[in-house]
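Here is the structure we will look at, set down as C-alpha coordinates.
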Amino acid sequence: MMPPLGALRVFEAAARLASFSRAADELHVTHAAVSHQIRQLEEWFGRPLFLREKRGVRLVPEAERLAEALSASFERIVAETEALKRRTKSEITVACIPSIATRWLIPGLGDFLATHADVTVKVVYAMAAQRLRETGCDVLITLGADLSDGVLCERLFSRVNRPVASPRYLERKGRLDDAERIAGADLLHDETTAHWQNWFARAGVHVTAPKGPVFQDFNLLATAAIAGHGVALCPMEVCRREIANGDLIVLSETSVLEQESYFLISKASRQKAVTAFCAWFKDVVDPRSDL
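Be aware that the sequence shown starts at 3, since it is given in the working numbering, and climbs by one per residue.
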(Lines of atoms letter the chains of each structure in order from A and count residues from 1; the text may use other names and numbers.)
(Lines give C-alpha, C1' and ligand atoms only; values in the text may rest on other atoms or scores of the structure.)
Protein backbone atom coordinates (compact mmCIF):
# COMPACT_ATOMS: atom_id res chain seq x y z
CA MET A 1 0.00 0.00 0.00
CA MET A 2 1.32 3.42 -0.95
CA PRO A 3 1.14 6.48 1.35
CA PRO A 4 -0.91 9.51 0.18
CA LEU A 5 0.70 11.12 -2.90
CA GLY A 6 -0.03 14.62 -1.62
CA ALA A 7 1.82 13.92 1.60
CA LEU A 8 4.78 12.54 -0.36
CA ARG A 9 4.90 15.74 -2.43
CA VAL A 10 5.01 17.82 0.74
CA PHE A 11 7.69 15.54 2.22
CA GLU A 12 9.86 15.86 -0.91
CA ALA A 13 9.67 19.67 -0.87
CA ALA A 14 10.41 19.91 2.86
CA ALA A 15 13.34 17.51 2.53
CA ARG A 16 14.80 19.33 -0.48
CA LEU A 17 14.42 22.78 1.07
CA ALA A 18 15.18 21.74 4.66
CA SER A 19 12.32 23.91 5.82
CA PHE A 20 8.59 23.50 6.38
CA SER A 21 8.05 27.24 5.79
CA ARG A 22 9.88 27.27 2.46
CA ALA A 23 8.04 24.12 1.40
CA ALA A 24 4.75 25.84 2.23
CA ASP A 25 5.73 28.85 0.08
CA GLU A 26 6.71 26.66 -2.87
CA LEU A 27 3.52 24.59 -2.69
CA HIS A 28 1.29 27.64 -1.97
CA VAL A 29 -0.09 26.19 1.27
CA THR A 30 0.19 27.17 4.94
CA HIS A 31 2.95 26.12 7.31
CA ALA A 32 0.31 24.32 9.36
CA ALA A 33 -0.80 22.31 6.32
CA VAL A 34 2.76 21.15 5.71
CA SER A 35 3.21 20.16 9.36
CA HIS A 36 -0.08 18.26 9.29
CA GLN A 37 0.89 16.31 6.13
CA ILE A 38 4.30 15.42 7.56
CA ARG A 39 2.71 14.20 10.83
CA GLN A 40 0.30 12.02 8.83
CA LEU A 41 3.21 10.56 6.85
CA GLU A 42 5.20 9.89 10.01
CA GLU A 43 2.20 8.09 11.47
CA TRP A 44 1.93 6.02 8.28
CA PHE A 45 5.62 4.99 8.55
CA GLY A 46 5.44 4.68 12.33
CA ARG A 47 8.57 6.74 12.85
CA PRO A 48 9.82 10.36 12.64
CA LEU A 49 11.12 11.51 9.26
CA PHE A 50 12.61 14.87 10.29
CA LEU A 51 14.68 16.18 13.15
CA ARG A 52 13.14 19.49 14.27
CA GLU A 53 15.88 22.07 14.89
CA LYS A 54 15.92 25.77 15.74
CA ARG A 55 16.81 26.89 12.20
CA GLY A 56 14.72 24.39 10.29
CA VAL A 57 14.36 20.69 9.86
CA ARG A 58 16.75 17.90 8.87
CA LEU A 59 15.97 14.50 7.44
CA VAL A 60 16.69 11.48 9.56
CA PRO A 61 19.31 9.34 7.75
CA GLU A 62 16.85 6.52 7.12
CA ALA A 63 14.58 8.85 5.08
CA GLU A 64 17.26 10.26 2.76
CA ARG A 65 16.92 7.55 0.09
CA LEU A 66 13.14 8.06 0.00
CA ALA A 67 13.63 11.81 -0.50
CA GLU A 68 16.12 11.23 -3.33
CA ALA A 69 13.80 8.77 -5.07
CA LEU A 70 10.84 11.13 -4.80
CA SER A 71 12.84 14.10 -6.15
CA ALA A 72 13.95 12.11 -9.18
CA SER A 73 10.42 10.81 -9.75
CA PHE A 74 8.78 14.23 -9.52
CA GLU A 75 11.37 15.72 -11.90
CA ARG A 76 10.59 13.03 -14.42
CA ILE A 77 6.84 13.60 -14.02
CA VAL A 78 7.29 17.33 -14.66
CA ALA A 79 9.43 16.65 -17.75
CA GLU A 80 6.92 14.19 -19.18
CA THR A 81 3.92 16.46 -18.57
CA GLU A 82 5.71 19.37 -20.27
CA ALA A 83 6.58 17.14 -23.22
CA LEU A 84 2.96 16.03 -23.52
CA LYS A 85 1.82 19.66 -23.47
CA ARG A 86 4.24 20.47 -26.30
CA ARG A 87 2.99 17.53 -28.35
CA THR A 88 -0.61 18.56 -27.76
CA LYS A 89 -0.06 22.22 -28.67
CA SER A 90 1.32 22.50 -32.21
CA GLU A 91 4.07 25.01 -32.96
CA ILE A 92 5.01 26.10 -36.46
CA THR A 93 7.71 28.50 -37.63
CA VAL A 94 7.02 30.73 -40.62
CA ALA A 95 9.83 32.48 -42.48
CA CYS A 96 8.55 35.43 -44.50
CA ILE A 97 10.14 38.21 -46.52
CA PRO A 98 9.50 41.63 -44.90
CA SER A 99 7.20 43.07 -47.59
CA ILE A 100 4.69 40.22 -47.24
CA ALA A 101 5.11 39.91 -43.48
CA THR A 102 4.21 43.54 -42.78
CA ARG A 103 1.37 43.83 -45.31
CA TRP A 104 -0.32 40.45 -45.29
CA LEU A 105 0.95 38.00 -42.68
CA ILE A 106 1.11 40.02 -39.48
CA PRO A 107 -2.09 42.12 -39.98
CA GLY A 108 -4.19 38.97 -40.40
CA LEU A 109 -2.36 36.59 -38.06
CA GLY A 110 -4.71 37.27 -35.16
CA ASP A 111 -7.62 35.83 -37.13
CA PHE A 112 -5.74 32.57 -37.69
CA LEU A 113 -4.76 32.27 -34.03
CA ALA A 114 -8.32 33.00 -32.91
CA THR A 115 -9.61 30.01 -34.87
CA HIS A 116 -6.63 27.76 -34.11
CA ALA A 117 -6.07 28.20 -30.38
CA ASP A 118 -3.99 25.00 -30.23
CA VAL A 119 -1.37 26.37 -32.65
CA THR A 120 1.59 28.58 -31.74
CA VAL A 121 3.10 30.52 -34.66
CA LYS A 122 6.66 31.86 -34.65
CA VAL A 123 7.39 34.40 -37.41
CA VAL A 124 10.96 35.06 -38.59
CA TYR A 125 12.36 37.12 -41.45
CA ALA A 126 13.45 35.36 -44.61
CA MET A 127 15.91 36.61 -47.20
CA ALA A 128 14.57 36.57 -50.75
CA ALA A 129 17.23 34.13 -51.93
CA GLN A 130 16.62 31.56 -49.19
CA ARG A 131 14.98 28.21 -49.86
CA LEU A 132 12.88 26.28 -47.35
CA ARG A 133 15.62 23.83 -46.35
CA GLU A 134 18.00 26.71 -45.63
CA THR A 135 15.57 28.41 -43.23
CA GLY A 136 14.90 25.30 -41.14
CA CYS A 137 11.28 26.48 -40.90
CA ASP A 138 7.94 24.81 -41.54
CA VAL A 139 6.71 27.45 -44.00
CA LEU A 140 8.47 29.92 -46.28
CA ILE A 141 6.71 32.88 -47.91
CA THR A 142 9.01 34.47 -50.46
CA LEU A 143 9.69 35.78 -53.93
CA GLY A 144 10.50 32.99 -56.36
CA ALA A 145 9.74 29.29 -56.49
CA ASP A 146 11.50 26.51 -54.57
CA LEU A 147 11.72 23.43 -56.77
CA SER A 148 13.61 21.27 -54.26
CA ASP A 149 12.59 17.65 -53.73
CA GLY A 150 10.01 17.06 -51.03
CA VAL A 151 8.72 20.63 -51.18
CA LEU A 152 5.20 21.88 -51.93
CA CYS A 153 5.45 25.22 -53.76
CA GLU A 154 2.20 27.17 -54.26
CA ARG A 155 1.96 30.42 -56.22
CA LEU A 156 0.35 33.33 -54.40
CA PHE A 157 0.38 36.17 -56.93
CA SER A 158 2.43 37.99 -59.57
CA ARG A 159 5.19 40.47 -58.86
CA VAL A 160 3.98 42.78 -61.63
CA ASN A 161 5.30 46.32 -60.88
CA ARG A 162 3.77 49.62 -61.94
CA PRO A 163 4.60 53.22 -60.99
CA VAL A 164 2.76 54.62 -57.97
CA ALA A 165 2.80 57.83 -55.98
CA SER A 166 0.92 59.28 -53.02
CA PRO A 167 -1.86 61.87 -53.47
CA ARG A 168 0.30 64.27 -51.46
CA TYR A 169 3.13 64.02 -53.97
CA LEU A 170 0.78 64.41 -56.94
CA GLU A 171 -0.75 67.54 -55.43
CA ARG A 172 2.69 69.06 -55.21
CA LYS A 173 4.10 67.74 -58.50
CA GLY A 174 1.08 67.96 -60.77
CA ARG A 175 -0.01 65.57 -63.51
CA LEU A 176 2.06 62.42 -64.01
CA ASP A 177 -0.15 60.64 -66.50
CA ASP A 178 2.47 59.64 -69.08
CA ALA A 179 6.00 58.27 -69.19
CA GLU A 180 7.61 61.58 -70.17
CA ARG A 181 6.19 63.35 -67.12
CA ILE A 182 7.12 60.41 -64.86
CA ALA A 183 10.70 60.64 -66.19
CA GLY A 184 10.86 64.17 -64.76
CA ALA A 185 9.57 63.12 -61.34
CA ASP A 186 11.52 62.17 -58.22
CA LEU A 187 12.17 58.47 -58.75
CA LEU A 188 12.50 56.02 -55.87
CA HIS A 189 14.36 52.73 -56.38
CA ASP A 190 14.06 49.27 -54.82
CA GLU A 191 17.65 47.91 -54.45
CA THR A 192 18.64 48.89 -58.01
CA THR A 193 17.92 51.52 -60.65
CA ALA A 194 17.62 48.77 -63.29
CA HIS A 195 13.87 48.29 -62.74
CA TRP A 196 13.12 51.92 -63.64
CA GLN A 197 15.43 51.71 -66.63
CA ASN A 198 13.53 48.65 -67.85
CA TRP A 199 10.22 50.38 -67.23
CA PHE A 200 11.15 53.42 -69.31
CA ALA A 201 12.33 51.12 -72.11
CA ARG A 202 8.92 49.42 -72.02
CA ALA A 203 7.20 52.81 -72.03
CA GLY A 204 9.23 53.98 -75.04
CA VAL A 205 11.12 56.75 -73.23
CA HIS A 206 14.91 56.93 -73.36
CA VAL A 207 16.30 57.35 -69.84
CA THR A 208 19.90 56.16 -69.54
CA ALA A 209 20.58 56.64 -65.84
CA PRO A 210 17.48 57.11 -63.63
CA LYS A 211 18.33 59.20 -60.57
CA GLY A 212 16.93 59.14 -57.05
CA PRO A 213 17.50 57.34 -53.74
CA VAL A 214 17.94 53.57 -53.68
CA PHE A 215 16.35 51.64 -50.79
CA GLN A 216 17.73 48.28 -49.71
CA ASP A 217 14.41 47.12 -48.27
CA PHE A 218 11.03 47.32 -50.03
CA ASN A 219 9.30 48.45 -46.83
CA LEU A 220 11.56 51.51 -46.79
CA LEU A 221 10.72 52.24 -50.42
CA ALA A 222 6.98 51.92 -49.80
CA THR A 223 7.18 54.16 -46.73
CA ALA A 224 9.00 56.81 -48.76
CA ALA A 225 6.40 56.64 -51.54
CA ILE A 226 3.46 56.91 -49.13
CA ALA A 227 5.19 59.82 -47.36
CA GLY A 228 5.23 61.71 -50.67
CA HIS A 229 8.92 61.58 -51.55
CA GLY A 230 8.43 60.52 -55.16
CA VAL A 231 7.33 57.83 -57.61
CA ALA A 232 8.12 54.17 -56.96
CA LEU A 233 7.75 50.97 -58.92
CA CYS A 234 5.73 48.73 -56.61
CA PRO A 235 4.27 45.21 -56.92
CA MET A 236 0.56 45.68 -57.37
CA GLU A 237 -0.52 42.70 -55.28
CA VAL A 238 1.86 43.42 -52.40
CA CYS A 239 0.54 46.99 -52.20
CA ARG A 240 -3.07 46.07 -52.93
CA ARG A 241 -4.34 47.51 -49.65
CA GLU A 242 -2.48 50.83 -50.00
CA ILE A 243 -3.85 51.21 -53.53
CA ALA A 244 -7.40 50.32 -52.48
CA ASN A 245 -7.22 52.77 -49.55
CA GLY A 246 -5.97 55.59 -51.78
CA ASP A 247 -2.60 55.89 -50.05
CA LEU A 248 -0.94 55.10 -53.38
CA ILE A 249 -2.21 55.89 -56.87
CA VAL A 250 -1.24 53.84 -59.92
CA LEU A 251 0.11 56.19 -62.60
CA SER A 252 0.43 53.86 -65.60
CA GLU A 253 -0.56 50.41 -66.82
CA THR A 254 2.93 49.84 -68.25
CA SER A 255 4.58 47.20 -66.10
CA VAL A 256 7.76 45.23 -65.43
CA LEU A 257 8.60 42.02 -63.52
CA GLU A 258 5.27 40.43 -64.39
CA GLN A 259 7.07 37.15 -65.11
CA GLU A 260 8.04 36.80 -61.42
CA SER A 261 5.77 35.64 -58.59
CA TYR A 262 5.51 35.20 -54.82
CA PHE A 263 5.15 31.68 -53.41
CA LEU A 264 4.00 29.83 -50.32
CA ILE A 265 6.39 26.95 -49.68
CA SER A 266 6.17 24.05 -47.22
CA LYS A 267 7.27 20.46 -46.85
CA ALA A 268 5.26 18.04 -48.99
CA SER A 269 4.70 15.87 -45.91
CA ARG A 270 3.44 18.56 -43.59
CA GLN A 271 1.73 18.43 -40.22
CA LYS A 272 -1.92 19.34 -39.73
CA ALA A 273 -1.17 22.79 -38.30
CA VAL A 274 0.99 23.70 -41.31
CA THR A 275 -1.77 22.59 -43.71
CA ALA A 276 -4.28 24.76 -41.84
CA PHE A 277 -1.94 27.75 -41.86
CA CYS A 278 -1.23 27.46 -45.59
CA ALA A 279 -4.91 27.19 -46.46
CA TRP A 280 -5.67 30.25 -44.32
CA PHE A 281 -2.88 32.37 -45.81
CA LYS A 282 -3.80 31.53 -49.41
CA ASP A 283 -7.32 32.70 -48.64
CA VAL A 284 -6.03 35.91 -47.04
CA VAL A 285 -4.00 36.97 -50.11
CA ASP A 286 -6.46 35.69 -52.72
CA PRO A 287 -7.14 38.67 -55.02
CA ARG A 288 -10.78 37.64 -55.07
CA SER A 289 -11.11 38.00 -51.30
CA ASP A 290 -12.36 41.18 -49.64
CA LEU A 291 -9.73 43.64 -48.47
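Note that beta-carbon positions come from the ideal geometry of N, C-alpha and C, so glycine has one too.
- For T277, no pairing in a beta bridge is given by DSSP.
- A check of alpha carbon separations from Q261 across V12, I267, L145, R67 identifies L145 as the nearest.
- DSSP, reduced to helix, strand and coil, places A229 outside both helices and strands of the structure shown, so it counts as coil.
- Linking A15 to M4 through their CA atoms gives a straight-line distance of about 18 Å.
- Taking a C-beta distance under 8 Å as the contact criterion, F217 and A211 do not qualify as a contact pair.
- Contact between the region 134–153 and the region 262–278 is established, with three or more Cβ pairs separated by less than 8 Å.
- The C-alpha of P50 is placed about 17 Å away from the C-alpha of R11.
- Of V276, I245, V121, V209, the smallest CA-CA separation from A167 is found for I245.
- Contact between the region 233–241 and the region 167–180 is present: 3 or more CB-CB pairs across the two stretches fall below 8 Å.
- Between the region 273–284 and the region 243–258, the count of C-beta pairs closer than 8 Å stays below three; the two stretches do not touch.
- A131 and A74 have their C-alpha atoms some 48 Å from each other.
- By the CB criterion at 8 Å, I143 and L266 fall inside the cutoff.
- T122 carries a strand assignment under DSSP once its states are collapsed to helix, strand and coil.
- Comparing alpha-carbon positions, the option among L68, L7, A196, L61 lying closest to Q42 turns out to be L7.
- Listed in chain order, the non-local C-beta contacts of A65 below 6 Å within the same chain comprise L51, local neighbours out to five positions each way being set aside.
- Here N221 is near T104, since their CB atoms are less than 8 Å apart.
- In the same chain as W282, and ignoring 5 residues on each side of it, the C-beta atoms closer than 6 Å to its own belong to F114, in chain order.
- With 16 or more other CB atoms across the displayed protein chains lying within 10 angstroms of its CB, P237 is buried.
- The three-state secondary structure of P289, taken from DSSP, is coil.
- Here the alpha carbon of G214 sits roughly 45 Å from the alpha carbon of H118.
- With a 10 Å radius around the Cβ and a threshold of 16 neighbouring Cβ atoms, H208 comes out exposed.
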